[in-house]
Amino acid sequence: MELTEEKLDERHLDEREVVDVVVRFAGDSGDGMQLTGANFTLATALYGNDLSTFPDFPAEIRAPVGATFGVSAFQIYFGSEDVTTAGDALDVLVAMNPAALATNLANVVDGGLVIADRGAFTAKNLAKAGYAANPLDDGSLAGHRLLDIDISAQALAAAEPFGLGHKASLRCKNMWTLGLVMWLFDRDLGATVNNLKTKFAKRPEIAGANIAALNAGHAFGETAELPSGIHVYRVPQARSAPGLYRNVTGTQALAWGLLAGAELSGIELLFASYPITPASNLLHELSNRGDFRVGTFQAEDEIAAVCTAIGASFAGSLGVTSSAGPGVALKSEGMSLAISTELPLLVIDTQRGGPSTGLPTKTEQSDLNMALFGRHGDTPLPVIAPATPPECFDMAREAVRLATGYMTPVMLLSDGYLANAAERWRIPRVEDLARTPVKFAGDSGEFRPSRRDPQSLARNWARPGTPGLEHRIGGIESDHDSGNISYEPANHQRMTDLRQAKIAGIAHDIPSQEVDQGAASGKLAVVGWGSTYGAIHQGVKRARGEGHDVSHIHVRHLCPLPRNLGELLGGFDAVLVPEMNTGQFARLLRAEYLLDVESLGKVSGQPFKIGEILAAIHAKCRKEGPAQ
Amino acid sequence: MELTEEKLDERHLDEREVVDVVVRFAGDSGDGMQLTGANFTLATALYGNDLSTFPDFPAEIRAPVGATFGVSAFQIYFGSEDVTTAGDALDVLVAMNPAALATNLANVVDGGLVIADRGAFTAKNLAKAGYAANPLDDGSLAGHRLLDIDISAQALAAAEPFGLGHKASLRCKNMWTLGLVMWLFDRDLGATVNNLKTKFAKRPEIAGANIAALNAGHAFGETAELPSGIHVYRVPQARSAPGLYRNVTGTQALAWGLLAGAELSGIELLFASYPITPASNLLHELSNRGDFRVGTFQAEDEIAAVCTAIGASFAGSLGVTSSAGPGVALKSEGMSLAISTELPLLVIDTQRGGPSTGLPTKTEQSDLNMALFGRHGDTPLPVIAPATPPECFDMAREAVRLATGYMTPVMLLSDGYLANAAERWRIPRVEDLARTPVKFAGDSGEFRPSRRDPQSLARNWARPGTPGLEHRIGGIESDHDSGNISYEPANHQRMTDLRQAKIAGIAHDIPSQEVDQGAASGKLAVVGWGSTYGAIHQGVKRARGEGHDVSHIHVRHLCPLPRNLGELLGGFDAVLVPEMNTGQFARLLRAEYLLDVESLGKVSGQPFKIGEILAAIHAKCRKEGPAQ
Amino acid sequence: MNQANLTLKDFASDQEVRWCPGCGDYAILKTVQKLLPTLGRPRENQVFVSGIGCSSRFPYYMNTYGFHTIHGRAPAIATGVKLANPELDVWVITGDGDGLSIGGNHMMHTLRRNLDLQILLFNNEIYGLTKGQYSPTSRLGTRSPSSPAGSIDPPLSPCAVALGAGGAFVARSIDTHAKHLSAVIGAGHAHKGTAFIEILQNCPIYNDGIFEPVKDRATAPDFRVEVEHGKPIVFGRDGEKAIRLDRERLCLEVTGADAEDVLVHDESNPVLAQLLAAMGGPGFPIAIGVLYRHRQPSFDEEFSRRKGKSKEGNLAALLQSGNTWVVD
Amino acid sequence: MNQANLTLKDFASDQEVRWCPGCGDYAILKTVQKLLPTLGRPRENQVFVSGIGCSSRFPYYMNTYGFHTIHGRAPAIATGVKLANPELDVWVITGDGDGLSIGGNHMMHTLRRNLDLQILLFNNEIYGLTKGQYSPTSRLGTRSPSSPAGSIDPPLSPCAVALGAGGAFVARSIDTHAKHLSAVIGAGHAHKGTAFIEILQNCPIYNDGIFEPVKDRATAPDFRVEVEHGKPIVFGRDGEKAIRLDRERLCLEVTGADAEDVLVHDESNPVLAQLLAAMGGPGFPIAIGVLYRHRQPSFDEEFSRRKGKSKEGNLAALLQSGNTWVVD
Ligand SMILES: Cc1ncc(C[n+]2csc(CCOP(=O)(O)OP(=O)(O)O)c2C)c(N)n1
Ligand SMILES: Cc1ncc(C[n+]2csc(CCOP(=O)(O)OP(=O)(O)O)c2C)c(N)n1
Ligand code: SF4
Ligand code: SF4
Ligand SMILES: [Mg+2]
Ligand SMILES: [Mg+2]
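Residue numbers (the numbering used here), protein chains in the order written: chain A, 908 to 1535; chain B, 908 to 1535; chain C, 357 to 684; chain D, 357 to 684.
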């Protein structure tokens, strides 16, 4: 199906009270936009809004000042309920320089607010951004609300008393801007002030200057004469279940889920990895966690990483490895070994734009085929995919459960968007989390590595160091009964069948597929997996609001698929699968259920917009008949 | 579908003239069975029979004498027409020792002939083969024709005059046996005599002893009183198109096809590989061909091999690399680079039993999924598979044509059976082979690596060393127009679509799918790919002979599929896909055409038997209604 | 099981040994099976990890824990085993192809990290299992199925590579020289850190006799020299020859055993180790024994120290760390 | 184009250079762009092949043939380029991560084969592109996102690895030391065989200043020494210090420039090369310049000789070789 977009033309800022808002902070890499966004996010969370955020880094480490390709941005979508994406279009754009404006303006809604640092709109910067004339002056922003302030000057003034010198004082301009935006949405400055004090505990003059700038920005909003139509907007608090909350990124939640999984299973993790964008953060996150049941190992390459993990699993830990597409491709021979020797293993793929080096900092879901089929021989393994940042916590634990419970490698698919996006999370109580204890073979009775649990078909697991359980395993086909090498034709067939049956059997041990939104049968099912959740959720919600008979089904277990999925999908006249690839999951469903599943592919390195999902639903409903 | 077998109970030896016969020579690795088989094959070809052969090596390099796991065998199926497999069951078994008998007897048809060297049925050898009593004496061979001769003694006697000493004289027993079997089928000894003279040109006494043994074996058949029912069998000559013929293995034909492809395209090949069973023979074959347009390079590993090939392609040669499953898995990251940079490349996978190290010396087709889907990102490439040893010659040329014509990596799938099996081949005249010349970009006009042929969508190819065409390529997404790095979302979508369209477009440039046997629509289509051709051909032929409405369709282009395939298959009530994996091609057809294609999987390391195909057809026809 | 009473038999598995008749691997297997009971370490703590190759079948024949993995990756897998459980004695069994061709990178990095492993590299200068192609240690001009006109790649010297990678225990021995081999492997086991041991191994099928001069009783005294720390480097049938170092030109020379400046082996000197590793060629013996030994912290010691605090972390506290808020 | 008239500008592509401000890569780029027109070789015969990393962006900025490939594999891809067309000058651009971590094996085997390539390894002792994790050349204790408490793996010495692999041209230079760098690269280009050149490169973002002592005008004379064949190894602000070799203990020492036994550099001596490659640490300067140079046949020369007969083969004759028969 052709990808088109519908503009969600929501002129939020025309009202004083708005349901939800999208704000984007954009500037040079050195402008501190990520820090600004993080503090605004925290204030927003404390205010009580639901929210979703996404940092958007440039590919270059440090681009020259003022370059369009060096723009670093942080986007936040917040509102009074059910926020699940970082937003399609911008209500507010903070542009710290011309490049930031040039690269983001097209995304601002009509009547949206642009806050620009006039001080940075110098001739040089304008030229770098490709502007012939200054857009702040030539009327090209007429359709928008505009706040053009010499923020640089304002920040310098606010920082002056702290005697930092020009360059360091100028660095406070992001806090000045933050103060202003805080005022705009009635957010409290307290948490940011505390953060600044902690961060610069050893440099109180820097903390002071930043806090002064923050306050000055806020005061500016309160006192200055602003153009009409710019004022404080109220975003009502979200209705949320009671509990303790925090913000969490996909990577954080994944890391913590692994730690929780280890603790709940009573097993040690060995996390072996080789850096690669956007997967490295998981390595970084866990490298700090030596006080938990995890050791981290930076290997010489991805092959060594997966092999080290496999070695750890042989020795009775759970080996975990993590990479992005190019690195996961290199792990495939190792994974085949783990399948053949039936060792637990966790492979986490944080997908990015492909093929080859592709678009390393962008998001995509195009490694699904590789996860399912990318190994030599018949090599089934479970593949799972969390849908949201908080869900990464649960799916990491699920991966640990499946790997150790079935003695199998498990692939968990994340992506560049999911890894970096943050959402509100109601922190679970550790006591409430299900325990999934691992059992090792004991030293009683005659031991064979090939003995299996009749239910799960998992072979038993003997830890080296246990007297009496000495045994050998390897990647040559092994005899079903003795576990020794076997070249017997019938045995190879039997073992192949067994490997299939073991993985297929997991379908009995996972939740049956539920419908996320809408009826369990009807005209159209929009079926997603992974990080497309948020956009599909919103798109379906809006379409349903318009009266369309459409449901949202989101699949977390991609292999084996939930047992009821075929029947469920069969109950719809049409099935549409939006995914950030050329239709890989759609193809899986077609082969599996012989349903004429349609693919809505997007391969641009960008997540789906709500408007794209909505447009596809509209197109589909037009084709299939009028809304009911 | 469940795999079962039907015994093709053809008691060929009950007649004096027989349509076809299966002979298997089996003995210790040191017994020279491969040489024996090769000479018998040549005599059979010269006699004018159609034939198909398969050597069956043990996994061990040199097993201890007399061990069952050390049995080396050579099987030949020959007849008066249309021989396409090495045969299901044995009409004649030559067992040079008890181990050879023990491991092969079950495969001999009732009334089949067993020729055994009584001299090797010593207590020690019997014990090693697991016999409590001597099967030559205890009546256990009663259902068979038996020729038990002290071949060792006969050979010693024949070799005596040449003064070689005991050990070397004993080595002549295979030639003695060959002489006897030659007599049995009225074959001429001349070619073998010549071969022996050439082989032992420097050791005339060895040549002499072997020739004497050969003649003695033949004379024994002519003169000795043989048990009733054992006599000379006449196998009528095959009716063949006129021309020059030879025997050729899949590996040989593949190697020669590559050389021919290079010559016909006017391009140099760089063949870079790392040894692995059963792919190494292709490296060996080409390492001897320095006088053709091919350089061979033994790399340090498979990754280096594929990368060296890619480098050669960048430099204006055609890079070719070859491996089996574990090695091809390692090449996947490199292949993704070649797809992204649109360089020609040929990857040949001689599939073996998997997963992991699996069954290295056995055959399987379980790398299809990997070939189609085993890379990160959306990475389409053409996948083709020859069906018979002679066809390897044509498909190798086809691979060269596609790779250079479309600037794309191509995967060619062979397997352990196809690589080692030999069939009769009518040698084509080189003048008759189609030329597929490669065009390089010239130095006229403004050059961009991204410029493409509007028809094929292939980008143009500039050879380093050409003045004025200096340019850079790489694995980061490149701009559709300029070829420079581009992180533009819309461009990535466009390039992704382009890569899909380029490969999909090849469907217009390949033959449409034909029906190998039977009608173009009907009750049942048996659809195969690769080396299963022979068994399916025979199975369908027999079923059709019995009056069943069944057709055989064999697919050579697996990606893209022939344009008419969907429609063709849609014309059958049922589609059955026998393949040596758990149903990978069947799944592809299901997803592609939404037809309820059924899989007949065999994963035992062994090729299909005709009887297995036949049984499946019977089962299917029973289900679908009586034969018409 | 009482460790003290274990014998060779206790270390032999029930699997039939399937190397070719006459293969040097048999001798190495016997030596290791005989050595292990004498090391005073529990059998259940012994783990043999191998890649793919004839040599890599080794673990199947040891009645210990064993893992026959994939081609070239044994050092990486062994690293995982050791990091997961540093109590284990981890042995890597590899070949010249497995360990230096496809597996060269893991070999290099394992040596650099100095993980406490024993690496036994069976060097037969050929790819045995795949039927005899030349390997990265094959001599120039080696004719093989993939180099019918003779190989053109200069070979690697395994010990030189190990030293270049920073290996802290580098030794060489010979398959059938049981006493020497046993002593060298024992020393490697005693060394805390990566012990790299090259074992010259005959492949009678594909590369027969290449080490014959250093193995044959008659010729060996002229073609090999056993170096020992603190001892002069003397060889020859009657110990009549010796090695001296030309300290000006920095190269080794053959001299008489009675010369004044016979070189005394110092296994702590890396320069000497490099010279001895490279020694060979016309007139020179090759050196066997411990060429280099240098104690330095092993990676697993450091790793364990870091991991020491494991399990002290409080999960609930982690989940609640940083900024949180309550909705009631 | 008339090669003789080419200048630096002709070797600069139209792509905007995108390294961080202050990155040492800029200086190397300029040096190479300036050097190439002086080599007397056609521009169209220059091919730059790189892996992945900041350094590996290099080929984009050269107006020559260029291939930005995948992580660690540049030497293998360059091998293919050179074998396909030995007329080309093939340059490999790589980093400490690209060339020695993931790519260590190809590096080693390329050096061993002695293919005629120039390998420039930009050693900033860090993974720049992936935002600053420690690399295999990072010093012990390096704090980075993946080693927050300090790294525990001893680093590799690139030149030592190259020598261990049998490298026949091994040199070291410094990003901003343009004259020296240019001379060393020029020498590498002139060398027939693999020229391995380690370039100490500053990454101001993730590993700023690690080479400051050897780069800073004030401190450099004490911290580095330029070795030249046949010249005494002398350093210090006033050339007052020198290196001598303790020929008994086989180790280097710092002495006065007026000492009698100042070491004279001999680039043909592998032992000396190893000593100089390893030189460093408290009190010692590091050596820059050509540490080792040894002419031996290059792989591509041998390969081409073998391939010489190409196209002589007759296809029809091949297809009809061996046993055939006619059916009429
Ligand atoms: C990924 C992969 N590539 C190639 C092979 C084929 N292979 C198996 S063993 C081997 C070489 C063995 O040589 P070596 O390590 O010297 O062992 P040897 O047999 O000589 O003891 C090769 C190339 C494989 N099994 N897996
Ligand atoms: C297969 C693969 N693994 C990992 C990466 C991620 N990666 C890119 S560059 C790099 C390291 C770069 O370090 P170095 O070679 O030292 O180059 P520098 O950036 O420091 O110049 C890594 C780990 C990748 N692109 N591909
Ligand atoms: S091929 Fe060589 S190395 Fe392998 S088992 Fe046989 S003799 Fe030993
Ligand atoms: S990160 Fe470091 S090495 Fe990379 S471009 Fe920036 S300064 Fe240079
Ligand atoms: Mg070997
Ligand atoms: Mg670096």
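Where a beta carbon is used, it is the ideal one built from N, C-alpha and C, also for glycine.
Here the structure is a predicted model, which is why all the values come from computation and not from measurement.
Val1139(A) places its beta carbon less than 8 Å from that of Trp1090(A).
Burial state of Ala1206(A) is buried, judged by a 10 Å Cβ sphere holding 16 or more other Cβ atoms. The CB of Arg499(C) never comes closer than 8 Å to any CB in chain B; the least such distance is about 11 Å. Residue-level contact by beta carbon holds for Met464(C) and chain D, with a gap shorter than 8 Å. Sequence-distant Cβ neighbours of Val1307(A) in its own chain, meaning closer than 6 Å and more than five residues away, are Gly1168, Ser1172. The DSSP assignment places complete alpha helix (DSSP H) segments of no fewer than 4 residues inside the segment 1172–1235 of chain A at 1187–1194, 1209–1221, in order along the chain. Per the DSSP secondary-structure output, Glu1395(A) pairs with nothing in a beta bridge. Counting only the Cα atoms, Asp656(D) lies some 6 Å from Leu439(D).
Note that the C-beta distance between Leu1495(A) and Met908(A) is not below 8 Å. Using a Cβ-Cβ cut-off of 8 Å, Arg1494(A) counts as an interface residue toward chain B, since at least one Cβ of chain B sits closer than that to its own. For Tyr648(C), there is no enclosing alpha helix (DSSP H); the enclosing beta strand (DSSP E) has its first and last residue at 642–649. 8 Å or more divides the Cβ of Arg661(C) from the Cβ of Ala970(B). Taking 8 Å as the cut-off, the Cβ atoms of Leu997(A) and Val1016(A) count as close. Contact with chain A is found for Lys487(D), since one of that chain's Cβ atoms lies less than 8 Å from the residue's Cβ. Beta-bridge annotation (DSSP): Ile599(C) is paired with Val610(C). With a cutoff of 7 Å, Cys1079(B) does not count as near ligand 2, since its C-beta is closer than that to no heavy atom of the ligand.
For Val1100(A) and Lys1106(A), the gap between their C-alpha atoms comes out near 10 Å. For Trp1436(B), no CB of chain D lies under 8 Å from its own CB, so it is not counted at the interface with that chain.
Gly396(D) has its Cβ no nearer than 7 Å to any heavy atom of ligand 4. Proximity of chain C to Tyr1181(B) at the Cβ level (cut-off 8 Å) is accounted for by Ser457, Ile458, in chain order. Membership of Met908(B) in any beta strand (DSSP E) is not indicated, and neither H nor E is assigned to it by DSSP. With contacts defined by Cβ atoms closer than 8 Å, Ile968(B) and Leu485(C) form a contacting pair. Exposure of Phe1347(A) is indicated by the presence of fewer than 16 other C-beta atoms within 10 angstroms of its C-beta. Using a cutoff of 7 Å, the CB of Asp454(D) counts as near ligand 2, since one of the ligand's heavy atoms is closer than that. Leaving aside the five residues that flank Tyr483(D) on each side, the residues in its chain whose CB is nearer than 6 Å to its CB run, in chain order, Gly453, Gln489, Ser491. Per DSSP, reduced to three states, the secondary structure at Asp572(C) is coil, with no helix or strand assignment.
Among the residues of the segment 359–372 of chain C, those with a Cβ less than 9 Å away from any Cβ of chain A are Ser369, Asp370, Gln371, in the order of the chain.
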